[in-house]
Amino acid sequence: MLLPYFENPDILHVNTTPHHAYFIPFAKDETANQFARETSSFFTALSGCDWAFNYYISVKNLPDDFLTQPLPHKIPVPSNWQNHGFDHHHYTNIHYPFPFDPPYVPMENPCGHYRHHFSLSKQPNKRYLLNFEGVDSCLFVYVNQQFVGYGQISHCTNEFDITDQLNSGENQLDVVVLKWCDGSYLEDQDKFRMSGIFRDVYLLTRDENYLQDFFIRTQLTDDFNQAQIRIETQFVGQKQTIDFQLFNPQGTLICQQSAVDFAIILDNPVLWNAENSQLYRLVMTVGNEQIEQKIGLRHIEVKNGILRLNGEAIKFKGVNRHDSDPKTGYAVSREQASLDLQLMKQHNINAIRTAHYPNSPWFSEMCDHYGFYLIAESDIECHGASMLYVETPEQSILLNDPRINHDEKMRQQAIDNFCYFARNPAYKSAILDRTYANVERDKNRTSVLIWSLGNESGYGENFEAAAAWIKQRDCSRLVHYESSIYQHSEHQNDLTHLDFYSEMYPATESLDRYFSQPQSKPYLLCEYSHAMGNSNGDAEDYWQTFEKYAGSCGGFVWEWCDHAPYLPDGSGNVGYGGDFGDTPNDGNFCMDGLVSQDRLPHSNLLELKNVNRPVRAFRQDDKILIKNYWDFTNLAEQIFIRYTWKENGNVTQQGELTIDCAPKQTALLPLSLPEYQGKFTTLDLAYIAKNSTELLSSQHSYGFDQIVIYDRDLVRPKISQNITALLWQVTETTQKLHIENGIFSYQFDKNKGIFSYISKNGCAIIEQPLDFNIWRAPTDNDRLIREQWQNAGYDKAYSRAYQISWSQSESAVIIEADLALVATSKSRILTLKVIYQIENAGELCIQLNATRPAHLPYLPRFGLRFFLPKQLNKAHYFGYGDAESYIDKYHLARLGHYAVDISHYEMPYLKPQENNSHYGTHFVSLESFTIMADQPFSFNLLPYSQEEMTEKVHCYELHECASTVLCVDYKMSGIGSNSCGPVLKPQYRFNETEFNCCFYIRF
């Protein structure tokens, strides 16, 4: 039987070594390389292979003689057992997946028993340290059938000295891992809940009196012309003399000392930042060991309410990142992490919040090397406490009974519940222990600028103690904790040791209010612009607001990648919450990444990339200027500018420039504006890397600008004029108008006020009526407004005519229709006055006036929907492309000529929703016709109807429409990020109560 440690918050570790800095020792005659730890003769990898395994649905089923029982299965280590046929995946955001009864967990607590045999030639006067870098949720360790120890904190290292239990020769390692323990109450992160040994396991061979810990402390003078490096060391026994060697970033030895502790002052130091991550190299040799560490010299501070690095104000262009992979789960290799970092560099991301736990210990080393700013977060999140029952008044369903409003009382009770663990003395040690683990392991990592106490766990004495300890232990870094904004009714928050005012998902107006008066703390958005589905429509608005205030230090988009494991049915499809028989679940709320689960960038990431471009151009009178938004890099060092002049989308002139522009400064581009030629004229500027780096290729584009110089004229397509104009023959019945001229045939539905049929030379142009269209397949950001839209009947709207009249001239047939968009049991949605004009040459003009009741919710869109023959699956257009674009999400795109071909279309989101619209379109042409308007419009061409995309919950469930679906929109509401964030801004809502528009369809 296992000892009952796993339900006792007073017993967090048994026989583990103290938390300490991560490093790997090498032999003196080896080349020490922290990035190649497996080359050290003192490093014995135990993972990276299959271990014997058995799974029990309850730890109660673990036999008493489990250490001698054979294990029938194999499982790779590292991995999560849910990815290998044991248990099932479970996604929940806030709700605990077990009863809230701390510190107790369910009696039916699944467990996995792991076994690994390894051989070792045991050496005298050596210590052997067994390391587990990540195990969810707790582990009991046995070597050669002897109990070694116990540990928890899923995402931190548990290290055991197993010297006394080891044999020289064959050894048996047994590990029992429980799905839940008392620590699981502190690990309620928004992710799939997976179990097992998911990070590396290895054995370190150390000297008898080995260097256990060291703290590299750096300090810069106020003018940054001198740097002090001090190294405090700690041995398991008496301190020893260490040979220190320090090499500059170019690899030259600049200092050599033999001392117990190291200290040096450097003149004119090379400073580290994310744009130029220059690192010194330290080698410490003691006994038979040498240890390598990279050191970056930098100073982070808040000065006069502004976040500064090396004296320069900086802003985080950050993301929140989970360890997640559809196949390997939490088990993320260096190669997988390298791909993430490369994609981030390619898309102008400079900062990462390790949400919401420490990443693998080598991850921050990679961030030191490649240049990323880190918020290193403790493995703490317990927002499930906020979902506890709150006393709620009973309400009557009768309208004549007044409503009982206890909203404020209920809100405060929810906050008090939220603060349960933050104030519970029984969990103080656990919260402090997780803080120690986070700080001690990564305290020597240059990229770590900020320690975060955790995420969404309320506030109280326990976190106040954690913040105070950090400031005492490491005063060189800043401390962050967003949940400090929540005030328990019986406690006054002490914010003394917190360096930021932090919120998640506020509207930009929140920053306006905060900076309406002087502030001593910067404003940090630890989560913002929720990237769920088709999202991040507000990225530019946030950027503009960040730039407006010096005290705003930017933010971290939620989140980096979608979470979607493969389904167990072998289909190759992935799933989200509820697809694995998991309850409670939060559906597709885990599909909220800038990249897919396979690291394919969504349009969200492309939008964010160009919003975060390090250079921006703007027109000032007849001049073009650029501003350098890098904090430490002159443009001439890093990029050249490729410029292209275009008229009506066609290139007229192009060239390249190199501009000397210091960080945060503005420079004039030596370009003269062309004379107006009666054409739509643009200047395209692309910012191209001069040289390659480890993560970026030469010719990499950091982003672009497109400045519209002359926009008086819309771009028009070349249209053949060889159509014979023939007089129309009009036949009227009680329900139809038949309009024909030998080439074209129109049928007009007098009951609906729309065309039910259009053909040319006997071939149908539309296969269903040409109706007015207000519905879109709801995006994830429409998940709240969707209910209002459906309550107003927008999803069921159809046309209903009141009065129809027609007339004929020598050149056209004109139909005037008074109609409305209505829905069953709902009030009228839109009142339309429509004039259809059918020219003898075949052009159809649709001109309308629309009015809408002001009390109804804003419209998703308004326009025309065409059901076209299936073979009409290609289009050419001039507008924003070629990526999808919307009124608030078009910075990823340029105006130009583009082609759309949906013959190989794939739904870009796992949960179907509105997609592939093209904003700012001047015209769109298909094989049979061209559509234009008096103003730019939007369109999308898809193989699915909105109804199909609304109904289906997975992209692989979609059935193509029998027709190609073309939606042409006068306007469409924006995208925003309301899936978990502010409501859509007024300027992006289609909220007019009256509007006029006109479409021209030329066949």
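Residue numbers for the sequence shown follow this note's numbering, so the first one is 298 and each next one is one higher.
We put the beta carbon where it would ideally sit given N, CA and C, even for glycine.
In this text, all values refer to a predicted model and were calculated from it rather than measured experimentally.
Any Cβ of chain C within less than 9 Å of the Cβ of L1223? In the displayed structure, chain C is absent; only one protein chain is listed.
Tell me T313's beta-bridge partners as DSSP assigns them. As a position in the sequence shown, residue 313 is number 16, starting the count at 1. Bridge pairing for T313: F457 [DSSP].
Counterpart residues of I701 in DSSP-defined beta bridges: For the purposes of this step, residue 701 is identified with residue 404 of the sequence shown, where counting begins at 1. Answer by DSSP bridge pairing: none, since I701 is not bridged.
For A933 and L821, what's the separation of their Cα atoms in angstroms? In the sequence shown, residue 933 corresponds to position 636, counting from 1. In the sequence shown, residue 821 corresponds to position 524, counting from 1. Rounded to the nearest angstrom, the two C-alpha atoms are 31 Å apart.
Quick one: grab the DSSP three-state call for F760. For the purposes of this step, residue 760 is taken as the residue at position 463 of the sequence shown. DSSP places F760 within a helical segment (H, G or I) once states are collapsed to three.
Going by DSSP, what residue range makes up the beta strand (DSSP E) through M1246? In the sequence shown, residue 1246 corresponds to position 949, counting from 1. Taken as a continuous stretch (DSSP letters only), M1246 belongs to no beta strand (DSSP E), being part of the alpha helix (DSSP H) at Q1243 to E1248.
Going by C-alpha to C-alpha distance, which of T941, I354, V776 and N1078 sits closest to I1272? As a position in the sequence shown, residue 1272 is number 975, starting the count at 1. Minimum Cα distance to I1272 is reached at N1078.
May I ask you to report which of helix, strand or coil DSSP gives E1254? Within the sequence shown, the letter at position 957 stands for residue 1254. In the three-state reduction of the DSSP assignment, E1254 falls in the helix class.
I need the boundaries of the beta strand (DSSP E) containing W659, first residue and last residue. Position 362 of the sequence shown, counted from the start, is the residue given in the question as residue 659. From DSSP, W659 is part of no beta strand (DSSP E) but of the alpha helix (DSSP H) over P658 to Y667.
The alpha helix (DSSP H) spanning A983 covers which residue range? For the purposes of this step, residue 983 is taken as the residue at position 686 of the sequence shown. Counting along the chain, A983 falls outside any alpha helix (DSSP H), though it belongs to the beta strand (DSSP E) covering T978 to A986.
In three-state terms, what does DSSP make of W569? For the purposes of this step, residue 569 is taken as residue 272 along the sequence shown, with counting starting at 1. The DSSP-derived three-state label of W569 is coil.
Can you name the start and end residues of the alpha helix (DSSP H) that I782 belongs to? Residue numbering aside, residue 782 sits at position 485 when the sequence shown is read from its first letter. I782 -> no alpha helix (DSSP H), and no H or E assigned at all.
Under a Cβ-count criterion, where at least 16 other Cβ atoms within 10 Å of its own Cβ denotes burial, should M491 be classed as buried or exposed? The residue given as residue 491 occupies position 194 in the sequence shown. Under this definition M491 is a buried residue.
Using a Cβ-Cβ cutoff of less than 6 Å, which residues in the same chain neighbour T1028 once the five nearest sequence positions on both sides are dropped? Mapped onto the sequence shown, residue 1028 falls at position 731. Hits under 6 Å: H1035.
Alpha-carbon spacing of H413 relative to L475, whole angstroms: The residue given as residue 413 occupies position 116 in the sequence shown. The residue given as residue 475 occupies position 178 in the sequence shown. Answer to the nearest angstrom: the Cα atoms are 18 Å apart.
Once the 5 residues before and after P396 are set aside, which same chain residues still bring their CB inside 8 Å of it? The residue you call residue 396 lines up with position 99 of the sequence shown. Answer for P396: P403, listed in chain order.
Could you have a look at S749 and say whether DSSP puts it in helix, strand or coil? As a working mapping, residue 749 is identified with position 452 in the sequence shown. The answer is strand: DSSP assigns S749 an E or B state.
Taking C-beta to C-beta, are S481 and Q894 nearer than 9 Å? Residue numbering aside, residue 481 sits at position 184 when the sequence shown is read from its first letter. Residue numbering aside, residue 894 sits at position 597 when the sequence shown is read from its first letter. Taking 9 Å as the Cβ cut-off, S481 and Q894 do not qualify as a contacting pair.
Would you mind listing the alpha helix (DSSP H) stretches within the segment 1080-1134 that are 4+ residues and don't spill past its ends, in chain order? 1082-1088
How would you label S1294, buried or exposed, when you count the other beta carbons within 10 angstroms and need 16 or more for buried? Residue 1294 sits at position 997 when you count from the first residue of the sequence shown. Before going on, a small fix: residue 1294 reads as Cys here, not Ser. That one is buried.
Closest Cα partner of V440 within the set E430, E467, K1049 and Q449: Residue mapping note: residue 440 aligns to position 143 of the sequence shown, counting from 1. If we check each option's Cα against that of V440, E467 comes out closest.
Is DSSP giving H1215 helix, strand or coil here? The residue you call residue 1215 lines up with position 918 of the sequence shown. The answer is strand: DSSP assigns H1215 an E or B state.
Can you look up V1012 in the DSSP assignment and give me helix, strand or coil? By 1-based counting over the sequence shown, the position of residue 1012 is 715. Of the three classes helix, strand and coil, the one that applies to V1012 here is coil, per DSSP.
Same chain, Cβ closer than 8 Å to L729, neighbours up to 5 away in sequence not counted: Position 432 of the sequence shown, counting from 1, holds the residue named residue 729. If we look at L729 and ignore the five residues flanking it on each side, its Cβ neighbours are N759, A762, A763 and W766.
Do A1094 and A1114 have their C-beta atoms within less than 9 Å of each other? For the purposes of this step, residue 1094 is taken as residue 797 along the sequence shown, with counting starting at 1. For the purposes of this step, residue 1114 is taken as residue 817 along the sequence shown, with counting starting at 1. It is not a contact, given that the beta carbons lie outside the stated cut-off.
What alpha helix (DSSP H) runs, 4 residues minimum, are completely inside the segment 790-866? 805-811 and 836-845
How big is the Cα-Cα spacing for A711 and S683? Counting from 1 along the sequence shown, the entry for residue 711 is found at position 414. Counting from 1 along the sequence shown, the entry for residue 683 is found at position 386. For A711 and S683, the distance between alpha carbons rounds to 5 Å.
Can you name the residues that DSSP bridges to R334? Stepping through the sequence shown from its first residue, residue 334 is reached at position 37. In DSSP, R334 forms no bridge with anything.
What is the DSSP secondary structure of Y401, counted as helix, strand or coil? Counting from 1 along the sequence shown, the entry for residue 401 is found at position 104. Three-state result, Y401: coil.
In whole angstroms, give me the CA-to-CA distance for N330 and L604. Residue numbering aside, residue 330 sits at position 33 when the sequence shown is read from its first letter. Residue numbering aside, residue 604 sits at position 307 when the sequence shown is read from its first letter. Approximately 33 Å between the Cα atoms of the pair.
Cβ-based neighbour list, R742, same chain, cut-off 8 Å, excluding 5 preceding and 5 following: Taking the sequence shown and counting its residues from 1, the one referred to as residue 742 is at position 445. S661, E662, C664, D665, L671 and A673, listed in sequence order.
Could you name the residues that DSSP lists as bridge partners for Y352? Taking the first residue of the sequence shown as 1, we reach residue 352 at position 55. Beta-bridge pairing links Y352 to G409.
Label S1106 either buried or exposed according to how many other C-beta atoms from any shown protein chain fall within 10 Å of its C-beta, with 16 as the threshold for buried. Stepping through the sequence shown from its first residue, residue 1106 is reached at position 809. S1106 is exposed by the Cβ-count criterion.
Taking the beta carbon of N1146 as the centre, do at least 16 other beta carbons fall within 10 Å, making it buried, or is it exposed? Here residue 1146 refers to the residue found at position 849 of the sequence shown. Exposed, by the Cβ-count rule.
Hey, quick one: how far does the beta strand (DSSP E) through L922 stretch, first residue to last? Here the question's residue 922 lines up with position 625 in the sequence shown. From DSSP, the beta strand (DSSP E) with L922 extends over K920 to N925.
With a threshold of 6 Å on Cβ separation, who are the neighbours of A723 within its own chain once the five nearest residues in sequence on each side are excluded? Taking the sequence shown and counting its residues from 1, one reaches residue 723 at position 426. Same-chain partners within the cutoff: P306.
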